[in-house]
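Quick note: the sequence shown uses my numbering, first residue 895, plus one each step.
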Amino acid sequence: MIKELYNKGVTVTEISERMNCSRTTVYKYLNSNDLPVSQERAKRPSKLDPYKPYILKRIFDDGVTNCMVLIDEIREMGYTGGRTILADFVQPYRESPGKQAPIRFETPPGEQAQVDWIHLGRHWIDGKKRQLYGFLMTLSYSRMHYLEITQTMDLKTLLRCHMNGFRYFNGIPKTQVYDYAAEMIIGDAYSKAA
């Protein structure tokens, strides 16, 4: 193709641009009588090759696919290569972590409610920018929600929101489960209210 283009009057520079190669390469093929033959590179041995049988044994017999563990072991045997080549070799043998299904904690009706505060950000109220919070109570059995928007998270507000939530659900669950938020710890809420 290079010779055909050249015979049609296309310049060497234009040929090199069209073929995405250097002008030197174009001259090389113009001066050659043979067809260009792509040469495969000779595959050189990898530093990892002598250790592959050991690594495969560890993977299949012992289930070890942790590259940090394997590299420490083969370095003790004399390996001087890097971690990347090891990781590339081990990768196809690793189990792909499937998406874990969430484990649902089922409770009977009336048994439990989950309680948490939600930070709703700052909003304009009566001409002032104020922080808003959401008190969220969720029945564990039905996943029914009660949400009350507040401007504080003090003990008085916490107790009022609980009472309003119990009225909304028309009953009091036997237990309430709280997030680890400091606002839900009575001692901390009490000190904030004082």
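Think of the CB as a built atom: it goes at the ideal place given N, C-alpha and C, for glycine as much as any other residue.
Through-space distance from residue j to residue i, alpha-carbon basis
i       : j       : result
Ser910  : Glu934  : 23 Å
Phe1063 : Leu1026 : 23 Å
Ile968  : Gly957  : 16 Å
Pro986  : Gly972  : 24 Å
Tyr1040 : Leu1049 : 18 Å
Pro947  : Ala936  : 23 Å
Phe1060 : Pro1067 : 8 Å
Segment limits, beta strand (DSSP E) that includes residue i
i       : result
Ala1007 : Gln1006 to Ile1019
Leu1052 : Segment Leu1049 to Phe1063 is the alpha helix (DSSP H) holding Leu1052; no beta strand (DSSP E) there.
Thr1069 : Thr1069 to Tyr1072
Residue i in three-state terms, based on DSSP
i       : result
Met895  : coil
Val963  : helix
Leu980  : helix
Met1031 : strand
Glu1042 : strand
Pro939  : coil
Lys922  : helix
Arg969  : helix
Arg1024 : strand
Pro986  : helix
Start-to-end residues for the alpha helix (DSSP H) that takes in residue i
i      : result
Ile909 : Val906 to Met913
Arg952 : Lys946 to Asp956
Contact check, residue i vs residue j, beta carbons under 9 Å
i       : j       : result
Trp1011 : Met1047 : yes
Thr1069 : Cys1055 : no
Tyr945  : Leu924  : no
Gly1065 : Glu1042 : no
Cβ of residue i within 9 Å of any chain B Cβ
i       : result
Tyr1040 : Going by chain labels, chain B is absent from the structure shown, which holds only one protein chain.
| Sufficient close CB pairs (3 or more, under 8 Å) joining the stretch 996 to 1008 to the stretch 1028 to 1037 | Yes: the two stretches touch, three or more of their Cβ pairs being nearer than 8 Å.
| field | Inter-stretch contact (C-beta, 8 Å, three-pair minimum) for the stretch 972 to 984 and the stretch 939 to 947 | value | Yes, since at least three Cβ pairs between the stretch 972 to 984 and the stretch 939 to 947 fall closer than 8 Å, the two stretches touch.
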